[in-house]
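Only one structure is covered here, and it is reproduced in the block below.
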Amino acid sequence: MTFKNKLFFTFFFLLTPFVFLAQSSNLVLTGIMDFTVPSGGSNGKAIHLTATDTIADLSIYGIGVANNGGGTDGQEYTFDPISVLPGEQIIVARSIPSMTSYFDTCFVEFNHVLQATSSISQNGDDAIELFFNGNVIETFGDINIDGTGQCWEYTDSWAYKDVGDTSCLGGNWIFGGVDCTDGSTTSYSSNCPYPLCPLPPSSGCTDPFALNYDPLATFNDGSCLYSCLFLK
Ligand SMILES: [Ca+2]
Ligand SMILES: [Ca+2]
Ligand SMILES: [Ca+2]
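In numbering that gives the first Met the number 0, the protein residues as written are 0 to 231.
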């Protein structure tokens, strides 16, 4: 073997681990749900993921719900062996009928709908671990801290990956607010529509006291503007 070839193979083997590491990042956590849905129970629990590249076999990934700050519970759920395309949205839901109904017209945003096991048991204070080949590649929350009263608590609500408050989980997540789905029949009618969902065509400012009140709007999109005189 020439020196040049030796150099080539040395670099090749040095780079091999990085190639495998790069493959591990093709699935990311996007949303953690603990909705209060009309059918109650665990029916509003789901985890939303996004593929960042093609995944030939999703079953090399898994999820663990690290309950109540007690540290890791290991991988408790393994994905179905399906293939996924770049940019596709995946929801793992405890009750597919309940989530289909609750997401209303938005449910079509999910490209893959998977049945969760009872291991998808988060109730707003639990950290979530994403596994690839048995190793944790991403964590939401803190596996050693019970989320009750923490900035990342999502009881009867959701957490969604987006640019947020830098003092909370590195500024990588936004939150619906604790209890924001209580009493709602759909995500749109809750106090915290799920961020993935496009606004319905009838959205606008629904407050008659706002400067830009739209009498035709039936869904408040948060755009209402008020005169300074009315600020209390
Ligand atoms: Ca668990
Ligand atoms: Ca819990
Ligand atoms: Ca509640």
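Every residue, glycine too, gets a C-beta built ideally from N, C-alpha and C.
Per DSSP, the bridge partner or partners of residue i
i	result
L28	L48
I127	V64 and F139
V315	This structure gives no information on residue 315, because the portion of the chain shown stretches from 0 to 231.
F218	S202
I81	Looking at the DSSP assignment, I81 forms no beta bridge with any residue, so it has no partner.
A92	A45 and Q114
Y76	I62
I54	V83
Inter-residue CB distance, residue i and residue j (contact presumed, cutoff 8 Å)
i	j	result
G86	Q74	With a Cβ gap of about 25 Å, G86 and Q74 do not count as contacting.
G123	D33	5 Å
L198	F218	7 Å
G30	W157	6 Å
V91	A115	5 Å
G226	L210	The residue you asked about is not Gly; residue 226 is Ser in the sequence shown. Indeed, because the Cβ distance is near 6 Å, the residues count as touching under 8 Å.
V162	G170	6 Å
T71	D181	Actually they are not in contact, since the Cβ atoms of T71 and D181 sit about 30 Å apart, beyond 8 Å.
Separation of residue j from residue i, as counted between CA atoms
i	j	result
T51	W172	18 Å
I142	T185	30 Å
L57	F109	16 Å
T205	Y187	14 Å
T104	P96	13 Å
Y153	D79	26 Å
V83	T49	9 Å
Q149	V107	32 Å
N25	Q88	12 Å
D125	D178	15 Å
W151	T165	12 Å
T138	K160	12 Å
N134	L215	51 Å
P207	V64	44 Å
I127	C167	16 Å
N66	D213	45 Å
Residues near ligand 1, criterion Cβ-heavy atom distance below 7 Å = G63, V64, A65, N66, D72, E75, S118 and S120
Contained beta strand (DSSP E) runs [length at least 3] in the segment 137-204, N- to C-terminal order | Fully enclosed beta strand (DSSP E) runs of 3 or longer: 157-160 and 172-174.
Residues passing the C-beta test against ligand 3 heavy atoms, cut-off 7 Å | Residues with a Cβ closer than 7 Å to any heavy atom of ligand 3, in chain order: T35, T154, D155, D178 and D181.
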